[in-house]
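Counting with mature numbering (1 follows the signal peptide of the UniProt record, and there is no 0), you get residues -23 to -1, 1 to 246 for the letters of the sequence shown. Just so it is clear, CB atoms sit at the ideal spot from N, CA and C, and this is done for glycine as well. Only one structure is covered here, and it is reproduced in the block below.
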Amino acid sequence: MGRLITLTLILFSASVLYSGAQAAEYRVLSQENDKKVAYQANDFYSIYYLYFNVIQALKVERHLPDEAIAEILFDTLDNLKQRRFSQLQIRDAYAGPEPLRVTLRTDVLPDDNRPILWLISNYSHDEQAVVTGEAAKHAYGTYFYLIDDKLVKYQRIKEPKTTEQLAALSDNARADYYLLDKDADNDQAGKQLLLNALDNPASRGEAVALNLTLAQYHLLDDNLKGANARLDRARDSLREMSRTERRKLRVLFHHAKQLVALYSEYRAR
C-alpha cells in the first residue's frame, strides 16, 4: 500500500475552538491523479468524513476560523470531484519541523480492486506533532471505500457488526450504524427507528441524541429544512436540562450544528 498507516479512532471529546487570535496560514493544493477513479460520494458523507477525520481528528478548529474551515472542506471536495489529488497544508500551527500536510486521493485497493479514498497525513497523535522520515510511516491516516454514492470507513467493511451485535445497540446507535454502513437499503429503517424512539424518549438527553442523528439523515436526503427542524428540537431539549446534563451533550450538538451549516453552505454555492 506504499506506506504503513496507523489508524486512529476519533474520540468525541470537547474541542478548543479558534479563539480569534492570529490564524494559521493554510492552503489547499491540487494535482492530477493518474488513477482517474470517479468520486461520486453523496455530499453529506463527504462533508461528514472530512469534518470528523480531518477537522476534528487534527483539531483544526483550534487554529482556523469557521470560514477557513469551510473553504478547506469545499476546495478539497471540489478537487476530489475533478478526480484530482487534494492536499491541505497548514503552517505555524503544529509542533514539528514542517507544515501539517493532509492528502486525500482516490485509488484502487490492490488486494480487491475496489475504489477507495486515501487520507494520509504527516501528523502523529502519539508525538502530538508533525513528523518526518521513518516516523511519518506511522502518522495518522485512514481510508474509505467508495460504494455507489456512499463513502464507507474501511472498518465497517472489514469488521461489520453481526445481527446479534446490532440487536444489542440502542435505537440511536443502530440508526447511526445504518447511516454509515455500506447498505443503502437500511437507511429508511434507521430513520424509522429514530422516529419511533422519539415518540417516547427515555430522557431529554436521549431526545437530543435522537434528533441530532435524525438531522444527519435529513442531510443525506438533502432536506435542509428537516435537518434544521431537528436541530431546533434538540436545542429546545437542551434548554430544559440542567447545566451538568447539557455539558455532556454540548459537543455532540456543536458537531451536528457545524455539519448542517457546512452542508447548507456547500449546497448553496
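Taking its Cβ as the centre, do 16 or more other Cβ atoms sit within 10 Å of residue i, making it buried, or is it exposed?
i, result
"N177", "exposed"
"L(-13)", "Because the pLDDT of L(-13) is 29, which lies under 50, any placement of that residue in the model is unreliable, and the question is left without a value."
"T221", "exposed"
"D125", "exposed"
"D153", "buried"
"R82", "buried"
"D11", "exposed"
"Q235", "buried"
"D69", "exposed"
"Q64", "buried"
"N90", "exposed"
"R246", "exposed"
"L(-17)", "In this prediction, L(-17) has a pLDDT of 27, which is less than 50 and means its spatial position is unreliable; what the coordinates show is noted afterwards. Exposed, since its Cβ has fewer than 16 Cβ neighbours within 10 Å."
"R224", "exposed"
Are the beta-carbon atoms of residue i and residue j separated by less than 8 Å?
i, j, result
"L128", "S23", "yes"
"Y122", "I97", "no"
"L229", "L172", "no"
"Y71", "A45", "no"
"Q66", "R4", "yes"
"L196", "Y131", "no"
"R61", "Q8", "yes"
"Y243", "F29", "no"
"W95", "D84", "yes"
"R207", "A192", "yes"
In the DSSP assignment, find the alpha helix (DSSP H) that holds residue i and state where it starts and stops.
i, result
"E242", "R220 to A245"
"E38", "Looking at the DSSP string, E38 is not in any alpha helix (DSSP H), and its letter there is neither H nor E."
"D209", "L201 to R216"
"R151", "D148 to L157"
"Q169", "D164 to L175"
Which residues bound the beta strand (DSSP E) around residue i?
i, result
"E183", "That residue, E183, is in no beta strand (DSSP E); its alpha helix (DSSP H) goes R181 to L197."
"R27", "Residue 27 is actually Leu in this sequence, not Arg. It is not in any beta strand (DSSP E) - L27 instead sits in the alpha helix (DSSP H) that spans D20 to L27."
"E2", "E2 to E9"
"K127", "K127 to K130"
"L65", "R61 to R68"
Exercise. Below 8 Å, can you find three or more Cβ-Cβ pairs linking the segment 25 to 40 to the segment 204 to 219?
Worked result: no
For this session: Could you say if the segment 200 to 207 and the segment 148 to 166 meet the contact criterion of at least three C-beta pairs nearer than 8 Å?
Result: no
Exercise. Per the contact definition of three or more C-beta pairs closer than 8 Å, is the segment 99 to 113 in contact with the segment 134 to 147?
Worked result: no
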